[in-house]
Each structure stands twice: as structure tokens, then as C-alpha cells.
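I have placed the structure first, in the form of C-alpha cells, so that the comments after it can refer back to it.
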Amino acid sequence: MSELPGGRINKVVRVGDTVRRRPPGRPDEAQALLNHFEHHGWTGAPRFLGVDDEGRQILSYVPGWVPLPRLTRQPADRLVAPPGVWSDESLAGIARLVREFHDLTAGTPFAEDEETRCHNDLTPNNTVFADTGNGTYRPVAFIDWDDSTPGPRIHDVADICWTYPSARFAPDRPEPRAMGRLMRLMCDAYGLADCSELITTILDRHDGTWRGIADLADAGHPGYQLLRELGAVESGRADHEWTTTHRAELERALRDG
Ligand SMILES: Nc1ncnc2c1ncn2[C@@H]1O[C@H](COP(=O)(O)OP(=O)(O)O)[C@@H](O)[C@H]1O
Ligand SMILES: [Mg+2]
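First residue of the sequence shown: 1, per this note's numbering; consecutive thereafter.
Have a look at this one:
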């Protein structure tokens, strides 16, 4: 048994080909969602394999490379990405994976009366990248489905258009024009018909993220208190400010490609 690095909210351990974790709240819906994906043969998420003697979720271990969160106390060994992780092709692959699970849940009870089922936490550190055979890495699966809810497609699209391209520039701030081009690339790969609300949605999501962390930390949740100590609230506010400052350039690049 080995503890997997990267978990800041959950302690996650690997046991053979499985992962054991105890998510907060009621995991039933997220587990049913994983079963739905399995039923449809979609391999972009771990399989839910049951509950162990200690009451932990058993999930299939998805082999590959998972980036460490930028804000972490753990050694920075996984901050250097293998080849191809931040390539245009990988970013397009992220968008296609999102499109696949959105289409698999739209119109089902998982979407309730919303457009689809959103993952709501699509970040590099919840993504498994795997070697395609020639040493080039591509995204293969998303993990950490606990926060998924019914929602509009653009919520997840806005998140991916921010989190993955900005990871490509990290630790520097993105270059706005290049960032806008990558956002456009991801919207096109997803097939988002109308990008006009994208930047507004990204700004709302930045706000929601830092406020959510602050609220849960205030409510005494240790995982979120750690995130706050690591600077996640300031970081979310800074992302919002950067996006506001560069909005016009981002929108121009989004329009012109
Ligand atoms: N099914 C899985 N396959 C492979 N690695 C996993 C899997 N689930 C979790 N991990 C690893 O464990 C770490 C933390 O898991 P995660 O479920 O994202 O926890 P947290 O809720 O704390 O973010 C991830 O960064 C990843 O390295
Ligand atoms: Mg995670």
C-alpha cells in the first residue's frame, strides 16, 4: 500500500491496481456516475469497484502521470511534465474528453433539468496523462468526481480553458494572446458553438472557486484550511484580476483564433 501524492482534500492510497479513498459527503451519486460511464464503455474515468472493509471507495488505478497541484507542500518532482502533456494536441484531447462525458450524461437523470453533468473540478491535478507508446503523453482520464453536479456545459468548458493552458505557462503568467489562442483551440475541439460568454464564465468560476475555499475553510474543513494556508484564496483572486485586466486581448484572440 502506498499513499499517492497530490491529494490535498482526501488521503488517497494505492493498493495494487486499485485506489482507496474516503470522499467527504455522500459519494453515492459520483459512484453511480462512474457506473454509468462503465456501462457505456467510456474509459475517461476510473471504475467504481465497491467499498472496502474500512468503508473506503475502491476505484481502479488509472496508470499514467498526474501533475501535482501548483499549491502543494509535497516535493515538486511532478511539476516537470513528461513530453506532450501541455501540447496543443493534449489540450484538444482534454476538450474532446469533456465533450464525451457531457454527451453521455446530457438528457439522463445525472443532468436533472440542466444541460449536462459537470465535473466541476477539471484541473491538471485531476487528470491522468498516459504515454501513447512513443514517449508522448496525452490525457486519458479525469479523477476526483466528488464535486460533479448537473450544470451547463460552459461551466466545465470555462474551467478547462483556464486551468490547462495556464498550467502550460506556469510558473509564469500566461501571455494573453497565446492564452486566447489556446482557449479558442479548446472551444473548437469541444465544439462549443458560442464562445461569447466564455470569459464572463471564467471570471465567475474564478470567484466561485476562491469564495468556496474561503467559506469551507471558515466552516472548519481542514482540507480547505490547508488550501487557504497554501495561498489558494489569493491565487484565485489574482487569476480573476489577471483575466479582468486582459479581457479585451483574450476576447480578440478568442474571436480571431
Ligand atoms: N483512480 C486513480 N488512478 C490513478 N491515480 C489516482 C486515482 N485516484 C487518485 N489518484 C492519485 O491520487 C491523487 C489524489 O487523488 P484525488 O482523488 O484527486 O484526491 P483529492 O480529492 O485530494 O484531490 C491524485 O493526484 C492522483 O495522483
Ligand atoms: Mg484531486
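All residues carry an ideal CB built from backbone N, CA and C; glycine is no exception.
{"query": "Closer than 7 Å: residue 166 CB and nearest ligand 3 heavy atom", "result": "With respect to ligand 3, the structure offers nothing, as its ligand set consists of ligand 1 and ligand 2."}
{"query": "Backbone secondary structure at residue 87 - three-state DSSP", "result": "coil"}
{"query": "Any non-hydrogen atom of ligand 2 closer than 7 Å to residue 120 Cβ", "result": "no"}
{"query": "Cβ contact (3+ pairs, closer than 8 Å) linking the stretch 117-132 and the stretch 140-152", "result": "yes"}
{"query": "Near ligand 2: residue 144 beta-carbon under 7 Å from a heavy atom", "result": "yes"}
{"query": "Spatial distance of residue 245 from residue 10 (CA atoms)", "result": "35 Å"}
{"query": "Any non-hydrogen atom of ligand 1 within 7 Å of residue 61 CB", "result": "yes"}
{"query": "Cβ pair residue 186, residue 91 closer than 8 Å", "result": "yes"}
{"query": "First and last residue of the uninterrupted alpha helix (DSSP H) at residue 182", "result": "176-190"}
{"query": "According to DSSP, residues forming a beta bridge with residue 118", "result": "149"}
{"query": "Contact test: residue 134 Cβ vs ligand 2 heavy atom, cutoff 7 Å", "result": "no"}
{"query": "CB of residue 206 within 8 Å of CB of residue 231, strictly", "result": "no"}
{"query": "Residue 35 beta carbon near ligand 2 (any heavy atom closer than 7 Å)", "result": "no"}
{"query": "Range covered by the beta strand (DSSP E) that runs through residue 139", "result": "137-142"}
{"query": "Heavy atom of ligand 1 within 7 Å of residue 21 beta-carbon", "result": "yes"}
{"query": "C-alpha distance - residue 252 paired with residue 178, whole-angstrom precision", "result": "11 Å"}
{"query": "Element boundaries [alpha helix (DSSP H), containing residue 196]", "result": "Element bounds for residue 196: n/a, residue is neither H nor E."}
{"query": "6 Å CB neighbourhood of residue 82 in its chain, flanking five on each side removed", "result": "65, 137"}
{"query": "Residue 112 - DSSP class collapsed to helix/strand/coil", "result": "coil"}
{"query": "Of the residues 17, 110, 85, 25, the one placed nearest residue 59, counting alpha carbons only", "result": "17"}
{"query": "Distance between residue 193 and residue 174 (C-alpha atoms, nearest Å)", "result": "25 Å"}
{"query": "Proximity of residue 184 and residue 257 at Cβ, strictly below 8 Å", "result": "yes"}
{"query": "Cβ shell of residue 34 (< 6 Å), same chain only, five flanking positions each side left out", "result": "45, 48"}
{"query": "Rounded separation between residue 152 and residue 105 - CA only", "result": "12 Å"}
{"query": "Buried/exposed call for residue 116, threshold 16 Cβ in 10 Å", "result": "buried"}
{"query": "DSSP state of residue 54 mapped onto helix, strand, coil", "result": "coil"}
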